[in-house]
Amino acid sequence: MSVEHSDERDGVPDGAQDGVQTSHRRSDRAAGRTGTSGTERTRVQDRRRVRWPLLGVAGLLGILLALTSVLDRSAPSLPSSTEAVADLPQPLLDEPVRCTRSDERASVDDVRRVLRPEGRITSAIVSACPRLLAGRDVVYVGEVVGDVLRRDGGAWVQVNDDAYALELGPFGAHREPLGFSSGLTVWLPDGLHEGLGAPGRHGRRGDVVRIEGLLLRTDPADGGGITVRARALEVLAPSTAVDEPLNVPLVVAALAAGLLAFLSWGWARLRARRRAL
Amino acid sequence: MSSVLRPDVDDLRIIGFYLGKVLGGLGVVMLAPVPVALALGEWNAAAALGLGAGISLSVRWLADAHLETRRTLSWAHGMVIVALAWIVGSAFAAIPMHVSGRFTSALGAYFEATSALTTTGMSVIHDLDHLETSMGLYRHLLQLAGGLGIIIVILALFSAGGSRVGTLYVSEARDERILPNVLRTSRFIARVTAAFLVASLVALVPALLNAGFAPLRALEHAVALFASSFSTGGFSLMQASMAYYHSAWVELFVMLLMFAGMLSFALHHALWSRDLREFVDHLETRTLALTGTGLLVLLSLGLVREGTYGDLAALVRKGLFTLLSAVSSTGHQVNSGETYLTDWGVLAPAAIVGAMAIGGMASSTAGGVKALRVALAFKGVVHDIRRFLLPESAVVVTSYHVGRRRILRPETARAATTVLLLFVLSFLLGTMTALITSDVDLTEALFEGVSIGANIGISIGVVEPAMSPTLQAVYIVQMILGRLEFVAVLVLFGYLLSFRRGSRVLGRVSR
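If you read the protein sequences in the order shown, they are chains A and B.
Read left to right, the first sequence gives residues 1 to 277 (the numbering used here).
Read left to right, the second sequence gives residues 1 to 511 (the numbering used here).
1) Under the assumption that B:ALA53 contacts B:SER90 (Cβ atoms under 8 Å), give the Cβ distance between them as a whole number of angstroms.
2) Please identify, using Cβ separations under 7 Å, the residues of the region 232 to 247 of chain B that lie next to chain A, in order along the chain.
3) Can you tell me whether A:TRP156 is helix, strand or coil according to DSSP?
4) Roughly how many angstroms separate the alpha carbons of B:GLY380 and B:PHE423, rounded to a whole number?
5) Which value, in whole angstroms, describes the spacing of the CA atoms of B:ASP10 and B:ARG187?
6) If contact means a Cβ-Cβ distance below 8 Å, which residues of the region 209 to 223 of chain B contact chain A?
7) Distance check for B:ALA94 and A:PRO249, CA to CA, integer angstroms please.
8) Could you give the first and the last residue of the continuous alpha helix (DSSP H) run that contains B:THR470?
9) Between B:PHE265 and chain A, is there a C-beta pair that is closer than 9 Å?
10) Determine the DSSP secondary structure at A:PRO130, reduced to helix, strand or coil.
11) Got a sec: is the Cβ-Cβ distance from A:ARG275 to anything in chain E below 9 Å?
12) At a CB-CB cut-off below 7 Å, which residues of chain B make contact with A:TYR164?
13) Can you tell me the Cα-Cα spacing of A:VAL57 and B:LEU481, whole angstroms?
14) Does B:GLU132 pass the burial test, meaning 16 or more other C-beta atoms within 10 Å, or should it be called exposed?
15) Under a three-way DSSP split, which group does B:ILE352 fall into?
16) Do B:PHE427 and B:LEU442 have their CB atoms nearer than 9 Å?
17) For the alpha helix (DSSP H) that B:SER426 lies in, which residues bound it at each end?
18) State yes or no: is the C-beta of A:ILE211 within less than 9 Å of the C-beta of A:LEU233?
19) Below 7 Å on C-beta distance, what does A:SER182 contact in chain B?
20) Please confirm if the region 58 to 76 of chain B is in contact with the region 94 to 111 of chain B, defined as three or more CB-CB distances below 8 Å between the two stretches.
21) If you run the structure through DSSP and keep just helix, strand and coil, what is A:ARG205?
22) Just checking my contact of B:GLY292 with B:SER329 at CB under 8 Å: how many whole Å lie between their CB atoms?
23) Would you list, in chain order, the members of the region 242 to 261 of chain A that have their beta-carbon closer than 7 Å to a beta-carbon of chain B?
24) Checking contacts by CB at 9 Å: is A:PRO130 closer than that to chain B?
25) Beta-carbon of A:ILE211 versus every beta-carbon of chain B: anything under 9 Å?
26) What are the residues that DSSP puts in a beta bridge with A:ALA237?
27) Which residues, in chain order, does the region 171 to 202 of chain A contribute to contact with chain B at a C-beta distance below 8 Å?
28) Residues in its own chain within less than 8 Å of A:LEU67 by CB, not counting five upstream and five downstream?
29) Which two residues bound the contiguous beta strand (DSSP E) that contains B:VAL250?
30) Give me the subset of the region 80 to 92 of chain B whose CB atoms are less than 9 Å from a CB atom of chain A, sorted by chain position.
31) Applying the 10 Å Cβ sphere with the 16-neighbour rule, what's the burial state of B:ARG500?
32) If you draw a straight line from the alpha carbon of A:HIS202 to that of B:ALA116, how long is it in whole angstroms?
33) Along the alpha helix (DSSP H) that carries B:ARG13, what are the first and last residues, could you check?
34) Checking 9 Å against the spacing of the C-beta atoms, do A:LEU246 and A:THR227 come in under that value?
35) Pick helix, strand or coil for A:ASP72, following the three-state DSSP scheme.
36) Alpha carbon to alpha carbon, what distance is there between B:ILE81 and B:GLU338?
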């Protein structure tokens, strides 16, 4: 589909065009207004008629933005939803070092030399350089989240070591935006997973565990994924329920919106019935 | 001499009327998870979803009451409504997200809603792993609605039918009617979707139970996996995406769903009618088979050269899944995004970028340039070369099979090439903006730019909650352009421009 463009730019005034094309669907409005001054007047009126609905829509969107911003800020929030995990071992590196290209593998050995002894690995360090610690014994600390997938003589668990897991607790009770969830897959053989409490989900922080095990860059049992095969597990902080404070202004706003919707529905039905008559 | 029509109040009325219906549909999508939220005691989530639903449904019924019109939709109206459905619809869909506080800003919530509705699947949500069940369900339903097309959903639910709604259907980048009647087409799409939902639950629930999930969690994850895979959206309930399941069976069923989502609904109809011949002869099937095989070879070579996986089974499992996830535009990941950069070398990510750019089939839920356009542009080039090589008197005819044998017309090849070029421009826009606004290298910027612009959702790590608002805004534009394949959005811009510069009389429109 193509639409040819022209206007006064083509040197043809609107009025002249009206004279040619009044047979179209707006002929009723254009009829009798072939003079340039009349056309200009109508044009201004048309613009005014169109301007208000457009401004109304823009205003509605602005009000929505303001309303949702106010409701977001009005939500009650605690400084943290759980206590931070105490006595965490230091990470192996202060900042993850990224290994990006084959020819930079030499740098992996350089990084190994500056690793902090007895430090813990983090998911960020492992993702930034999976080859750095592949096949080595590691210590990893994090919160068990999601599900404990028990099967084949053990259990797969997702263990997160982000700020929600180790510092402020799950988002909801506190509303501190701390970024993505992040963690590693851990395989717990039978004997290690039986004592785990409910894993972390909405309204709950799962067990925070310290794991000692072997880091595999491509674990054949997980179809080639990065895993930690645990040998020892210690629960540093047990699973706890985390209550999210009720956002009363939000509930009131939702009820008001529901009432508005109901009234709008009734109004629409009334108008439709009147039209039918 | 002709001119662009300056829209008047009647035009706004008809646009507002249909846009109201779309927002009402979104309101129903927001309302659906509320019972789940109430049952689980997720009061804030229930209030957030209720607020969004209440506002959206109010707009829908107020539009019904005051804007109802019997005027016929024009092509321009259809295009504008569809473009606004995504732009304004995303704003309304973002209401529950914004008030949940899980996004850095209102722009972040809008990014998430756009990503869901355009089935891109990129996310900027904080702490996904502790998200309310009802909010997780909402994100997935939004993707399903977006994947099947808001318009189709609305048509199936509300429309009285008739020829005027066909305008909306075609505007939504679905230019291939499967059945003569648009309403019957949308019902067919709904039937196919329902069939796949049932099949998914039958296959995935036992697979998830076998993987160690509790029954209710298995059901929750099966529904989510269906919604995000068949819609080729790619959201997940857990940040680890597909790597969370540790199950080859789950991955296999999800691959089948992604493949089904990648197929055009016309081919679904052919398969439904047991017309295997059509499936084999279809230009897009052949194109995807050819490009897919080539890219799989490249990807495998890259992974072998880099020594990423020690054994063949792991290489095939990770490589094939990621390739299918890319080409189907789903965006499920089986490993952390950063490892594409740090553990996959150069060649394998390049193959993924190629797969993302090509995308799935036209008239499917998939994104990307689309196999049909790639094939037509390629055939157009070959056609021109043959014309130059053969004697001037020779008549060069190039044909292709899409539903039936067709002659390749110059305007068809040109249209395909134009959209292909627009996609490339969109990829470049995202890439350049990322390079300017973020501390990333070219590989990362290009990977993410293509993934966003083609509505894929595989992330290498550029998209994150703390990314710059400028980059977020550009990515939003890319997602909408990619989903609507440019035309509807460009018509909307032309329409907005015509408020100031258009003529009061009807322009001559040629097709």
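Here a beta-carbon is modelled for each residue, glycine too, at the ideal position from N, C-alpha and C.
Please read all numbers here as calculations on a predicted model, not as lab measurements.
Based on what the coordinates show:
1) Actually they are not in contact, since the Cβ atoms of B:ALA53 and B:SER90 sit about 16 Å apart, beyond 8 Å.
2) MET238, GLN239, ALA240, ALA243, TYR244 and HIS246
3) strand
4) 18 Å
5) 31 Å
6) ASN210, ALA211, GLY212, PHE213, ALA214 and ARG217
7) 18 Å
8) 469 to 484
9) no
10) coil
11) Annotation note: the requested chain E is absent from the structure, which comprises protein chains A and B.
12) ASP127 and HIS130
13) 22 Å
14) buried
15) helix
16) no
17) 410 to 437
18) yes
19) GLN239
20) no
21) strand
22) Incorrect: roughly 13 Å between the Cβ atoms, too far for contact.
23) GLU244, LEU246, ASN247, LEU250, VAL251, ALA253, ALA254, ALA257, GLY258, LEU260 and ALA261
24) yes
25) no
26) A:VAL208
27) PHE171, GLY172, ARG175, PRO177, LEU178, GLY179, PHE180, SER181, SER182, GLY183, THR185, GLY200, ARG201 and HIS202
28) ALA253
29) That residue, B:VAL250, is in no beta strand (DSSP E); its alpha helix (DSSP H) goes 248 to 262.
30) VAL88, ALA91 and PHE92
31) exposed
32) 21 Å
33) 9 to 31
34) no
35) helix
36) 38 Å
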